[in-house]
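For the record, the sequence lines run as chains A and B. Everything in the first sequence is counted per my numbering, starting at 91 for the first residue and increasing by one. Everything in the second sequence is counted per my numbering, starting at 91 for the first residue and increasing by one. In what follows, a single structure is set out as structure tokens and then discussed.
2 protein chains.
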Amino acid sequence: MKEKITKQAILSVSRDIVNQEGYDALTLARVAKALKIKTPSLYNHISGLKDLRKELALDALKQLNYEVTQSAVGRSGDGALKAIGFAFIHFMRENPGLYAATLIAPDLQDPDIDQESSAIVAIIIKVLEPYHFGNVRAIHFVRGLRALAHGFSTLEYQGGFQIEVPLDDSISVAFDTFIKGLMAMNEAPGKENQKTENHSA
Amino acid sequence: MKEKITKQAILSVSRDIVNQEGYDALTLARVAKALKIKTPSLYNHISGLKDLRKELALDALKQLNYEVTQSAVGRSGDGALKAIGFAFIHFMRENPGLYAATLIAPDLQDPDIDQESSAIVAIIIKVLEPYHFGNVRAIHFVRGLRALAHGFSTLEYQGGFQIEVPLDDSISVAFDTFIKGLMAMNEAPGKENQKTENHSA
DNA sequence: TATTTTAACTAATGTTATTAGTTTTGTAAA
DNA sequence: TTTACAAAACTAATAACATTAGTTAAAATA
């Protein structure tokens, strides 16, 4: 049963390739071989390697958004925040190649990519709502949480944690710590509580 | 006055290339052109592109370590921690190509690279000493601070922050938040305060 | 059935990294 | 000063890659 060759099929084998053989293994030659066609035939469906990388990154971001969103449903407050953090790590562990795709191929100027990126921000903003932060302050916290999740993911991806202390404990403690500080901040709020409409932090 | 061609000279032009033209612009052909020699001649000094990337990453990590260390001297406690965080961001802003080199070329298995990575950990551990955390707990916090700094750097590098709220404010708030939570944690310590000797978190 | 579009193909070009073998050049010894 | 050697440049060649142009076969449509 031959798979019909379509953009989705190309993305599908690309996902497998990057996850199993590493991001660098994603070449048009490799993709064509997996699909049993010649390299130039790919140009009937995509407009080149750069395009393929972008599409793959977009796909990865969509999946990441979905999993992050799912991790937060049914939870609230600090439980939801921690779940979001772990959803990042989980995604990276299960899909190292796709995670690399979101790291390397960014082109954040691209409107499609930009939209997916800010969708993640919107999720966190929503979870933060009950805390009643001012908008500016909320953006600071969103950025902090995002940086924390992203930082842990990237460092583990690179192999930056070798010690025998379990990483999951560290992540848990780090989020607890940040959230605890966040509460303390709320009791003694700063002066920068102006309104802001733009939520694409 | 012709520059004598040496490993250092190769690394020097490589630094300029990645910072000015992006990490992808680092090819042996490009380096050779900058040095006005032919590509194969480079093999008299380095053993290939992979080697060059590794050497460049090592160089970048050394510089990063130096700047992080310098940022902490004369400061203590939360002031020092925040300064370290900003040193990361500053390095990334001034040397985007070198920063990318540390992100992309890792090979964390390599002993040279590993040593430089754990040097950064040692610095933070030292700054945390006055807080008298147990070793396990200290490692958690080191990881958290490292992830925070790394996360902010990487996200800004990718262009992940577009809004008009200044990023430096967010970084400041995030570190304050984390440090505040850290103090609160210290007042109510957890149960996992065993001793550990390995400091290469 | 005839026509148009889709999607494969072959052929060719230019850019890479890399290896092998050769020549030049500078330095140190005779 | 001449000779010997090693360092560091070179030329030539190969293989993997992306990309473009032009061609052909098959499928969909009119």
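Cβ coordinates follow ideal geometry from the N, Cα and C atoms, glycine included.
Mapping the DSSP letters down to three states, classify residue i as helix, strand or coil.
i, result
"N109 (chain A)", "helix"
"F251 (chain B)", "coil"
"H135 (chain A)", "coil"
"P256 (chain A)", "coil"
"L148 (chain B)", "helix"
"L116 (chain B)", "coil"
"T96 (chain A)", "coil"
"Q127 (chain A)", "In the sequence as displayed, the identity of residue 127 (chain A) is Ile instead of Gln. Reduced to three states, the DSSP call for I127 (chain A) is coil."
"S104 (chain A)", "helix"
Listing by chain order, which chain B residues have their CB less than 9 Å from the CB of residue i?
i, result
"R183 (chain A)", "None at all; the shortest Cβ gap to chain B is about 15 Å."
"L245 (chain A)", "R233, R236, A237, H240, G241"
Which chain A residues are close to residue i, counting only those with a beta carbon under 8 Å from its beta carbon?
i, result
"D200 (chain B)", "Those do not exist, as D200 (chain B) stays about 10 Å from chain A at its closest Cβ, beyond 8 Å."
"T117 (chain B)", "Going along chain A, no residue has its Cβ under 8 Å from T117 (chain B), so there is no contact; the nearest lies around 15 Å."
Could you pull out every residue in the same chain whose Cβ sits closer than 7 Å to the Cβ of residue i, ignoring the five residues on either side in sequence?
i, result
"L272 (chain A)", "F231"
"A170 (chain A)", "A162, V217"
"T96 (chain A)", "H135"
"G112 (chain A)", "G187"
"R165 (chain B)", "A173"
"D197 (chain B)", "K144, I203"
"L132 (chain B)", "I100, L118, V121, A122"
"G167 (chain B)", "P220"
"D200 (chain B)", "K144"
"T129 (chain A)", "L118, A119, A122"
"F251 (chain B)", "L245, L257"
Express the C-alpha separation of residue j and residue i in angstroms, rounding to a whole number.
i, j, result
"I203 (chain A)", "S104 (chain A)", "18 Å"
"D114 (chain B)", "M182 (chain A)", "24 Å"
"R143 (chain A)", "A191 (chain A)", "7 Å"
"S243 (chain A)", "Y247 (chain B)", "16 Å"
"N225 (chain A)", "E219 (chain A)", "10 Å"
"I253 (chain A)", "V211 (chain B)", "12 Å"
"Q98 (chain A)", "D259 (chain A)", "38 Å"
"H240 (chain B)", "H240 (chain A)", "8 Å"
"P256 (chain A)", "G234 (chain A)", "22 Å"
"A150 (chain A)", "I269 (chain B)", "33 Å"
"I127 (chain A)", "G138 (chain A)", "15 Å"
"M275 (chain B)", "L193 (chain A)", "33 Å"
"H180 (chain B)", "I215 (chain B)", "21 Å"
"N288 (chain A)", "A124 (chain B)", "At N288 (chain A) the pLDDT is 42, less than 50, meaning the model places this residue with poor confidence and gives no usable figure here."
"T267 (chain B)", "K94 (chain B)", "51 Å"
"F178 (chain A)", "I261 (chain B)", "20 Å"
"R227 (chain B)", "V263 (chain B)", "22 Å"
"F223 (chain A)", "G249 (chain A)", "36 Å"
"D141 (chain B)", "K140 (chain A)", "25 Å"
Can you give me the Cβ contacts of residue i inside the same chain, cut-off strictly under 6 Å, excluding the 5 residues immediately before and after it?
i, result
"F265 (chain B)", "K172, G175"
"N292 (chain B)", "It is not possible to answer for residue 292 (chain B), since the shown part of chain B is limited to 91 through 291."
"A209 (chain A)", "N155"
Give the residues of chain A in contact with residue i, contact being defined as C-beta atoms less than 7 Å apart.
i, result
"K270 (chain B)", "G271, A274, M275"
"A264 (chain B)", "H230, R233, G234, A237"
"V103 (chain B)", "Within chain A, no residue comes near V103 (chain B); the closest Cβ sits about 24 Å away, beyond 7 Å."
Which residues of chain A have a Cβ atom closer than 9 Å to the Cβ of residue i, listed in chain order?
i, result
"S260 (chain B)", "I229, H230, F231, V232, R233, G234, A237, A291"
"V226 (chain B)", "V255, D259"
"T159 (chain B)", "Result: empty, since nearest Cβ-Cβ is about 18 Å, beyond 9 Å."
Please return the same chain residues whose Cβ sits closer than 8 Å to the Cβ of residue i, not counting the five positions on each side in sequence.
i, result
"L146 (chain B)", "L101, S104, R105, V108, L116, L188, A191, A195"
"I213 (chain A)", "N155, V158, T159, A162, I174"
"K152 (chain B)", "E206"
"A237 (chain B)", "none"
"L148 (chain A)", "D202, I203, E206"
"K281 (chain B)", "In this prediction, K281 (chain B) scores a pLDDT of 42, lower than 50, which makes its location untrustworthy; the coordinate-derived value is nonetheless stated afterwards. So no residue of the chain qualifies."
What does residue i touch in chain B if you count any residue whose Cβ is under 8 Å from its own?
i, result
"T96 (chain A)", "Near T96 (chain A) there are no residues of chain B at all, since even the closest Cβ is about 29 Å away, more than 8 Å."
Can you pull the chain B residues whose beta carbon is under 7 Å from the beta carbon of residue i, in chain order?
i, result
"T129 (chain A)", "Chain B residues near T129 (chain A): none, gap ~21 Å exceeds 7 Å."
Exercise. Whole alpha helix (DSSP H) runs in the segment 157 to 231 of chain B with 4 or more residues, listed along the chain?
Worked result: 167 to 184, 186 to 194, 201 to 218
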